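> Sharing a structure here in structure tokens format.
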Ligand SMILES: [Mn+2]
């Protein structure tokens, strides 16, 4: 099954959706490997017409390449790099449907190499561990690996969980981060402005870990955290960054712990990003 309305040929597409059904480093709950297909199913719930732009999503050309064949950390690294490299080199925007957050390490790495842009993660977790359960490519090490590539060209938004050591590393390295509380007290627009002062209009890789959203709105994630952002706030971040976003991933949905609401929200946010980018 394809993502709804992803009916264009690859060559004519501006946006390319790819599923990455990998959750091999899951440490609490698993199930993210099931997410790409559940999100695709959920995408058929929504209207093609967007009143706010008076436009149809079917006016846009995008395609869905299906799922990568990934079973280990090694083939995930290889396959994600390969497809992200091709799509970016062809001047198209990749949208990766995770899968767990570790997939971002590989696609963001290629993005840095090819586009020299800025990285933004919407995530409850710092993910700044150097290694976790004996791998450096764990979902708990994403921001650390990204930092090694991007340095100061990154920002973490929605943070509310990390170890003492991770918070110390964050501070020591001066990584830009905005807690969920910061978003509540300052508002989304102010945070978007602050991040854009650092990204200087460069291309953005946006990684949306669905656990940034409060557990009550997005219960089906691998490592849920209370006191999170609400869907409208995420929608506002997508609006704020959509023009610069040139690569996107949505990760950590676990359909095993979901009655469908998390996949539905994921599908809607992807559709909104696509529309906002071209009609916003
Ligand atoms: Mn997370």
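Residue numbers (my numbering): 10 to 289.
C-beta atoms are modelled at their ideal positions from N, C-alpha and C, and glycine is treated no differently.
In this text the structure is predicted, and so the values were computed from the model without any measurement.
(1) With three or more C-beta pairs closer than 8 Å as the rule, is the stretch 130 to 140 touching the stretch 89 to 104?
(2) Is any non-hydrogen atom of ligand 1 found closer than 6 Å to the C-beta of residue 189, if you look at the structure I gave you?
(3) For residue 115, is the beta carbon positioned less than 6 Å from some heavy atom of ligand 1?
(4) Within the stretch 176 to 202, note down every full beta strand (DSSP E) run reaching 3 residues or more, in order along the chain.
(5) Is residue 163 buried or exposed, if buried means 16 or more other CB atoms sit within 10 Å of its CB?
(6) Near residue 182, what residues of its chain come up, given a Cβ to Cβ distance below 8 Å and the 5 sequence neighbours on each side ignored?
(7) Leaving out the 5 sequence neighbours to the left and right, which residues in its chain are closer than 7 Å to residue 238 when beta-carbon positions are compared?
(8) State yes or no: is the C-beta of residue 133 nearer than 6 Å to some heavy atom of ligand 1?
(9) Roughly how many whole angstroms lie between the Cα atoms of residue 56 and residue 280?
(10) Given this structure, state the Cα-to-Cα distance separating residue 88 from residue 247, to the nearest angstrom.
(11) Can you pull the DSSP bridge partners for residue 307?
(12) Taking DSSP's pairing of strands, which residues face residue 215 in a bridge?
(13) Per DSSP, residue 65 forms a beta bridge with which residues?
(14) Where do the ends of the beta strand (DSSP E) carrying residue 107 lie?
(15) Go ahead and pull the three-state DSSP assignment for residue 170.
(16) With which residues is residue 134 paired in a DSSP beta bridge?
Reading off the structure:
(1) The stretch 89 to 104 makes no contact with the stretch 130 to 140, as fewer than three CB pairs between them are under 8 Å.
(2) Result no, Cβ not under 6 Å from ligand 1.
(3) Checking every heavy atom of ligand 1 against the Cβ of residue 115, none is found closer than 6 Å.
(4) Note on the stretch 176 to 202: whole beta strand (DSSP E) runs with a minimum of 3 residues are 185 to 188, in chain order.
(5) The residue in question, residue 163, is buried, as its Cβ has 16 or more Cβ neighbours within 10 Å.
(6) Excluding its 5 nearest sequence neighbours in each direction, residue 182 has C-beta neighbours in its own chain below 8 Å: 156, listed in chain order.
(7) Hits under 7 Å: 167, 189, 192, 221, 222 and 223.
(8) Because some heavy atom of ligand 1 lies under 6 Å away, the Cβ of residue 133 counts as near it: yes.
(9) The alpha-carbon atoms of residue 56 and residue 280 are separated by roughly 10 Å.
(10) Between residue 88 and residue 247, the C-alpha separation is close to 27 Å.
(11) Outside the shown range of the chain, which is 10 to 289, sits residue 307, and nothing can be said about it.
(12) Residue 215 is bridged to 129 and 257.
(13) Partner(s): 58.
(14) Taken as a continuous stretch (DSSP letters only), the beta strand (DSSP E) holding residue 107 covers 102 to 107.
(15) DSSP, reduced to helix, strand and coil, places residue 170 within a strand of the structure shown.
(16) Per DSSP, 170.
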